[in-house]
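Going by this note's numbering, 76 is the number at position 7 of the sequence shown; the sequence numbering is gapless. Positions of the beta carbon are idealized from the N, C-alpha and C atoms, including for glycine. Nothing here was measured: the structure is a model prediction, and the numbers come from that model. Single-structure report; data block below.
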Amino acid sequence: RSLSPVRLPAASLADVIAFAGRLEPTTMSLLASARSLARGVLARTAGVRSMHATASQSSDKLFVHKDSQRNHANVPFEWSPANLDRIEAIKGQFPEHHQAAACIPVLDLAQRQCGGWLPLSAMNAVAKTLDMKKMRVYEVATFYTMFNR
70 RSLSPVRLPA ASLADVIAFA GRLEPTTMSL LASARSLARG VLARTAGVRS MHATASQSSD
130 KLFVHKDSQR NHANVPFEWS PANLDRIEAI KGQFPEHHQA AACIPVLDLA QRQCGGWLPL
190 SAMNAVAKTL DMKKMRVYEV ATFYTMFNR
């Protein structure tokens, strides 16, 4: 069966809702698909990026670490005794060979110990404490916006 085009005169919202209530579910589905397709075409032709478009190539430049006097790998960082106890309690919640799962709460402890920010040396201490590669800790710290580097 073929679908004939539907022509709507200028109508009030109540008229449109009443008309939509008389349509079959398959017709409603087709209309929704057509509307979605039209929005995508209009967005591309108007120069507006769709939500599924790839990120711009320069976005990774925001997360480049630059050593400073306060933030480099050789700045001393030692866990406080209270935080060492907390870390052991956190690590105890995970199976023996899955300590890396504690990365986020341990990074949070490091950030709190450093006064609200997360220096490179603290991230390195987290990696050492959890027996993780440093890069894995950096990836977590740069992904989550709650960590201030």
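Do the CB positions of residue i and residue j come within less than 9 Å of each other?
i: M204; j: C172; result: no
i: L178; j: I156; result: yes
Whole angstroms are fine: how far does the CA of residue j sit from the CA of residue i?
i: S149; j: H166; result: 24 Å
i: N193; j: D136; result: 14 Å
i: A151; j: Q182; result: 10 Å
i: V175; j: Q138; result: 24 Å
i: V209; j: L189; result: 13 Å
i: G184; j: L153; result: 17 Å
Using 10 angstroms around the beta-carbon of residue i, count the other beta-carbons present and answer buried if the total reaches 16, otherwise exposed.
i: A170; result: exposed
i: A142; result: exposed
i: L199; result: buried
i: A158; result: exposed
i: Q180; result: buried
i: Q168; result: buried
Could you pull out every residue in the same chain whose Cβ sits closer than 8 Å to the Cβ of residue i, ignoring the five residues on either side in sequence?
i: A196; result: K202, K203, R205 and V206
So, does the CB of residue i fall closer than 9 Å to a CB anywhere in chain C?
i: K160; result: Structure shown: chain C not included; a single protein chain is present.
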